[in-house]
Amino acid sequence: MRRLIPIFLLLAACATPQERCINDAAAPYRAALKERAEIAKSLSRGFDYVTEYETRRVFTRCKTADGGWVPCWDRETYPVTRRVPVDRAALQARDAQLARDLPGLERAAERGAAACVAAFPDGGG
């Protein structure tokens with residue numbers, strides 16, 4: 002994955018200023034759509050996933066000052082994913098709020114895109 006990070010950075014840098022501007026203007030709208038999709042998925046499943054981190058003691062090898070190895074106790078942290086029931090009322094209320102906010106977010110994204118096209122008429126490249 003670390004080898005792919007420079008490639009992603011180069012691809013992100015390839016966007017024209019107009020494309021970056023439009024992308025930034027539409028980000029809140031896309032985030033709201035994504036959240037609504039996640040809420041619908043959680044409601045249909047009836048549960049959600051929560052990741053917690055647990056620290057456990059493990060018996061391992063430790064390096065000494067002279068470069069040797071000795072057995073010792075150490076702590077390691079592990080991610081533990083659990084299923085938790087969803088709070089249907091809270092999720093439905095949040096979904097209803099997002100449904101009310103979406104038209105305004107869409108209009109704001111359209112206004113932002115129009116402003117970007119006006120600011121960078123030739124595509125910005």
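So in our numbering, the last one in the sequence shown is 126, and the numbering has no gaps at all.
The C-beta atom is built at its ideal place from N, Cα and C for all residues, glycine as well.
The model shown is predicted, which means the values in this text are computed figures rather than measured ones.
Taking DSSP as the reference, what is the three-state secondary structure of residue i?
| i | result |
| --- | --- |
| ASP25 | helix |
| ASP88 | coil |
| PRO18 | helix |
| ASP123 | coil |
| ASP75 | strand |
| TYR30 | helix |
Measure the Cβ-Cβ separation of residue i and residue j and say whether it is below 8 angstroms.
| i | j | result |
| --- | --- | --- |
| ILE40 | ARG101 | no |
| TYR30 | LEU106 | yes |
| LEU99 | ALA38 | no |
| GLU77 | ARG62 | no |
| LEU44 | ARG108 | no |
Given residue i, which residues of its chain have a CB within under 6 angstroms of its CB, disregarding the five upstream and five downstream residues?
| i | result |
| --- | --- |
| VAL81 | GLU53, GLU55 |
| GLU20 | none |
Decide if residue i is buried, meaning its Cβ has at least 16 other Cβ atoms within 10 Å, or exposed.
| i | result |
| --- | --- |
| GLY113 | buried |
| CYS117 | buried |
| ALA27 | buried |
| CYS22 | buried |
| ALA119 | exposed |
| ALA110 | buried |
Enumerate in chain order the residues of its own chain whose CB-to-CB distance from residue i is below 7 angstroms, with the five nearest sequence positions on each side excluded.
| i | result |
| --- | --- |
| LYS64 | TRP70 |
| PHE60 | PRO72, TRP74 |
Quick one: what's got a C-beta closer than 8 angstroms to residue i's C-beta in the same chain, skipping five residues either side?
| i | result |
| --- | --- |
| PHE48 | ARG84, VAL85, PRO86, VAL87 |
Which residues does DSSP list as the beta-bridge partners of residue i?
| i | result |
| --- | --- |
| ASP49 | VAL85 |
| THR65 | According to DSSP, which records beta bridges pairwise, THR65 is partnered with nothing at all. |
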